[in-house]
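Below: one structure, written as structure tokens.
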Amino acid sequence: MRNSQVSQSGYLTRFYLRRDWLPIGLWLLGIVGLMGAAAGKFDGIYGTQSALASIVTTLKSPAMVSLFGPFIAKPPYTPAAVYAAEMMVFMGLIVAMMSIYFAVRNTRTEEDNGILELVRAHAVGKQSPLIAATLELLIINLMVGVLSALALQGAGMTGSDITGDWLFGLGLAAFGFMFGTFSLLMSQLASNSRGATSLSYLVLGVLYIARMLTDVQNTDNTWWTVYGWIEKLAIYGKNNWLPIVLMLLLAVLVLGVTFFASAKRDVTAGLLPNRPGRQRASRLLAGPFSLVFRLERTSLIIWLIGLFVLGVSYGSIFGTVGDLMKANPVMAKVLGTAAVNVANRTVILNFAATLAIIFAVVGSIPAMITLLKLNSDERKGWLEQIHAKQVSRARLYSSYVAVALINGIMALFLGVLGMAISGTASMTHPLTITRILRAFVGYLPAVLVVLGITAVLVGLLPRLQALSWVVPIYGVFSLYLGGLFDLPKWAKQLTPYGWVNRVPLSEIQWGTFWWMTGLAAVLLLIGYYCYAHRDLLEN
Amino acid sequence: MANTVLEIRHLQKKFGKFQALQDITFDVKEGEVFGFIGPNGAGKSTTIRVLLGILRGTGGQATIFGQDVWRDSVKIHARLAYVPGDVYLWPNLSGGEIIDLFLKLNQQKHTAKTDALIKQFELDPTKKARTYSKGNRQKVALIAVFSTNADFYIFDEPTSGLDPLMEEIFQQNVLALKKQGKSILLSSHILSEVERMCDRIGIIREGKIIETGTLDEMRHLTRTVITVKTKEDLADFAQLPGIHNFKIDERTTNKVSFAVDSESIGAIMTALAPRQIVSLQSTPPTLEDLFLRYYNHDQEVSDHAK
């Protein structure tokens, strides 16, 4: 009986690993490369005590705490302590994203494509594909952990120790695996892969925001946010192994629920029942644009609410971020209240400018997803009949582009607006909302250019269109961490996000605004030209 | 002479180095049902996708209503309706919504006929497409196409997921279109379907049209398989002209089976009658037989074409 549930799990695991070698290799290379390269540079960047002192002051400011987690190391400070503080929360985010990717890919996506049905028709246990997906996640995360630990050991930063190196690596592995199991559970609840991915990111986002809020207010509460466990490892400090135990316990618990849910439901069904649909199409569903809009509606709403909530959450700590008097009472006495208020505003506007990049990058994601669907919907065969209708390629292309643009523009706007509303509410000497909304106008062309780049790939290299994800991933890396890594200016300007000045702190540069918008328009047209003159993808 | 609706001349299509279509040449005349038959992977769907402007031909020409299939695709599609071989539908829309959408995209209206078709094909239009089987997805596409008023209809293996009852309804609807004088291109590998509905057929193999003509012209190429039991011995039949694959049943006396060329069938029947037939079974020629024949007699066929 037991055998019939799990037979061939080992074979399937090996098969999944072999099939996924390229994405696994790319993720490993990216993560371990980033960890190792940064570790190699840190002794150089933070070699002097003055450099250390200044970065520690920066990292202790509430704005930095909200982005990277609290700085808990005790003096004397070492480059390794700074490294751990800067990298832990961020790398946790990356391994969580990696695990979501593989978890959904090997469960719900297989099911959507009908491959699971074929596999299950063979002498394969009922739970074997899920066991194989779980084992694959475990193996990938272990590889990430071991290779990262070895990279850290090899770099040998001042202040690092072998226990800390391995705690960092294995902590990342446990953290990634834990989020992978969350995603496996979501794959049982949702009825398709898009739903499973969205739900997984929703969980990740909620926990990340919760961590940010507790870190800024009271780091003891961070224990409750799950995400915060990764900070509690106290790498290169106390080297606490307890969080790893917690992560693994939670992972096992979630896996238990997942396997129970998987045993209860039918293949291709979610746990949520299918409701009957409309008998006739509504008058609003009448053409390619309304079709794309209708298909993207639910995910659009989720993304927009998500961005708004993210904005509101960040805005809510503006009061704390901009309270320099509390951080440095002497300054208030020396400068006087009026001057301190000006300084407070500058700190907040600087913080808002960094957040604006995050909103721009995160806001690009739903827009890019929509645009990439021009090809992926094609491959699913959904568009074949549309092409046989009186619908030109120009109309179909512009429908996807239009919905993508609405998606991106609205997402950026709502992120900035949420930040503006709750930010002004949380401050004693508020900025005007319009001032903060400069961030929207400033970064809008960056989102448009990123969409333009995506469109060119969609048109020109449909099979390699996923390459466009390099732009937001590198963008968030170079601008979120770039300052701390001492990246040269050109390296920060490789993506369009780096072409914008620090709005809302500075004035909007209208020249930049217009040439970037123009560039975006040209790229979208090039994308169209390529799309209109090639074979469509066959399923 | 009827006008030509579809005209294909030496159409070619390359995917990288792979030559999917080598030489496709045929016409579909106004008011005609043209059967497009060939084995899997012969290039039927590729040809149709070029005709729809989804793929771009790499050589030769193809026109529908006298307009270029790539350049003027939108103008052509205003008067065209199409059902693909594999119908994939947006999983979160209902069948009813998709039918209406397909109609609206060609400025057509949901009419009483649409409702009648939904009833006839026994489709529940309120179900989400993700719950439909392959056959039900095909029904959605068929209902939309049959309630579209077009001049040229293209069906790419439209009955592969339908049960025999639904196949029958499909055939009735195609015959109704034929009666109205519509032109139809029907790709299929079910010869009985083609035989019943098509005026002319074109056979495609390995990216080439190897034969076109009316069914009567083709029929001489086909063989009927006959299994017969008689009171008298039949062993000498093996030598008769027009008989192939002659086999004697080991277990039953005087029972044989053989394939007979369609043009010799009358002579064979005349020869059989005096042997006192006990039972007779005839299996109509299948597409497979036709192909096997082409495969074995390529030379003969090309001679005949001349």
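Chains A and B supply the protein sequences, listed in that same order. Going by numbering that gives the first Met the number 0, the first sequence opens with residue 0, and the numbers climb by one from there. Going by numbering that gives the first Met the number 0, the second sequence opens with residue 0, and the numbers climb by one from there. Don't be surprised by glycine CBs; every beta carbon is placed ideally from N, CA and C.
Beta carbon proximity, residue i to chain A, threshold 8 Å
{"i": "K178 (chain B)", "result": "no"}
{"i": "D71 (chain B)", "result": "no"}
{"i": "E96 (chain B)", "result": "yes"}
{"i": "F101 (chain B)", "result": "yes"}
{"i": "V300 (chain B)", "result": "The predicted position of V300 (chain B) is uncertain, since its pLDDT is 43 and thus under 50; a value taken from the coordinates is nonetheless stated next. It does not; no Cβ of chain A falls within 8 Å."}
{"i": "I53 (chain B)", "result": "yes"}
{"i": "Y87 (chain B)", "result": "yes"}
{"i": "L190 (chain B)", "result": "no"}
{"i": "P124 (chain B)", "result": "yes"}
{"i": "Y81 (chain B)", "result": "yes"}
{"i": "P273 (chain B)", "result": "no"}
{"i": "L184 (chain B)", "result": "no"}
{"i": "N105 (chain B)", "result": "yes"}
{"i": "K127 (chain B)", "result": "yes"}
{"i": "A111 (chain B)", "result": "no"}
For residue i, the first and last residue of its enclosing beta strand (DSSP E)
{"i": "K228 (chain B)", "result": "R222 to T229"}
{"i": "S187 (chain B)", "result": "S182 to S187"}
{"i": "D155 (chain B)", "result": "F151 to D155"}
Per-residue DSSP class, three states only, for residue i
{"i": "I30 (chain A)", "result": "helix"}
{"i": "T45 (chain A)", "result": "Reading off the sequence shown, one finds Tyr at residue 45 (chain A), where the question assumed Thr. Correct three-state label for Y45 (chain A): coil."}
{"i": "Y81 (chain B)", "result": "strand"}
{"i": "R119 (chain A)", "result": "helix"}
{"i": "I276 (chain B)", "result": "strand"}
{"i": "Q21 (chain B)", "result": "strand"}
{"i": "Q238 (chain B)", "result": "helix"}
{"i": "A233 (chain A)", "result": "coil"}
{"i": "F358 (chain A)", "result": "helix"}
{"i": "I53 (chain B)", "result": "coil"}
{"i": "L176 (chain B)", "result": "helix"}
{"i": "F120 (chain B)", "result": "coil"}
{"i": "Q170 (chain B)", "result": "helix"}
{"i": "T511 (chain A)", "result": "helix"}
{"i": "L536 (chain A)", "result": "coil"}
{"i": "V300 (chain B)", "result": "A caution first: V300 (chain B) carries a pLDDT of 43, below 50, which makes its placement in the model too unreliable to give a value."}
{"i": "T282 (chain B)", "result": "strand"}
{"i": "Q389 (chain A)", "result": "coil"}
Beta-bridge partners of residue i, as assigned by DSSP
{"i": "K246 (chain B)", "result": "B:S256"}
{"i": "R199 (chain B)", "result": "B:F33 and B:T213"}
{"i": "L5 (chain B)", "result": "B:V27 and B:I63"}
{"i": "K13 (chain B)", "result": "B:Q18"}
Integer-rounded CB distance, given that residue j should sit under 8 Å from residue i
{"i": "T180 (chain A)", "j": "D42 (chain A)", "result": "So it is not a contact: roughly 36 Å between Cβ atoms."}
{"i": "I153 (chain B)", "j": "L79 (chain B)", "result": "7 Å"}
{"i": "F70 (chain A)", "j": "A84 (chain A)", "result": "5 Å"}
{"i": "V559 (chain A)", "j": "D214 (chain A)", "result": "A query on residue 559 (chain A) cannot be resolved here, the shown segment of chain A reaching from 0 to 538 and no further."}
{"i": "E279 (chain B)", "j": "I225 (chain B)", "result": "The sequence given here places Leu at residue 279 (chain B); Glu does not occur at that position. Contact flag correct, Cβ pair sits at about 7 Å."}
{"i": "V143 (chain A)", "j": "V94 (chain A)", "result": "6 Å"}
{"i": "D155 (chain B)", "j": "I47 (chain B)", "result": "5 Å"}
{"i": "I209 (chain B)", "j": "I202 (chain B)", "result": "5 Å"}
Chain B within 8 Å of residue i, Cβ atoms only
{"i": "I71 (chain A)", "result": "no"}
{"i": "M0 (chain A)", "result": "Here the model assigns M0 (chain A) a pLDDT of 43, short of 50, so the residue's position is not dependable and the matter cannot be decided."}
{"i": "E383 (chain A)", "result": "yes"}
{"i": "H386 (chain A)", "result": "yes"}
{"i": "T57 (chain A)", "result": "no"}
{"i": "P461 (chain A)", "result": "no"}
Extent of the continuous alpha helix (DSSP H) run through residue i
{"i": "M185 (chain A)", "result": "I161 to L188"}
{"i": "D308 (chain B)", "result": "The requested residue 308 (chain B) does not occur in the structure, where chain B is confined to residues 0 to 305."}
{"i": "N140 (chain A)", "result": "S127 to A154"}
{"i": "I472 (chain A)", "result": "V469 to V475"}
{"i": "W228 (chain A)", "result": "No alpha helix (DSSP H) contains W228 (chain A), which DSSP labels as neither H nor E."}
{"i": "V215 (chain A)", "result": "S192 to Q216"}
{"i": "P75 (chain A)", "result": "Neither: P75 (chain A) is in no alpha helix (DSSP H) and is coded neither H nor E."}
{"i": "R462 (chain A)", "result": "Counting along the chain, R462 (chain A) falls outside any alpha helix (DSSP H), and DSSP gives it neither H nor E."}
{"i": "Q137 (chain B)", "result": "K133 to F145"}
{"i": "I316 (chain A)", "result": "Looking at the DSSP string, I316 (chain A) is not in any alpha helix (DSSP H), and its letter there is neither H nor E."}
{"i": "N239 (chain A)", "result": "Careful: N239 (chain A) lies outside any alpha helix (DSSP H) and carries neither H nor E."}
Within-8 Å CB hit, residue i to chain C
{"i": "L116 (chain B)", "result": "Included in the structure are the protein chains A and B, with no chain C among them."}
The ligand COA heavy atom lying under 7 Å from the CB of residue i
{"i": "A403 (chain A)", "result": "The ligand COA is absent from the structure shown, which contains no ligands of any kind."}
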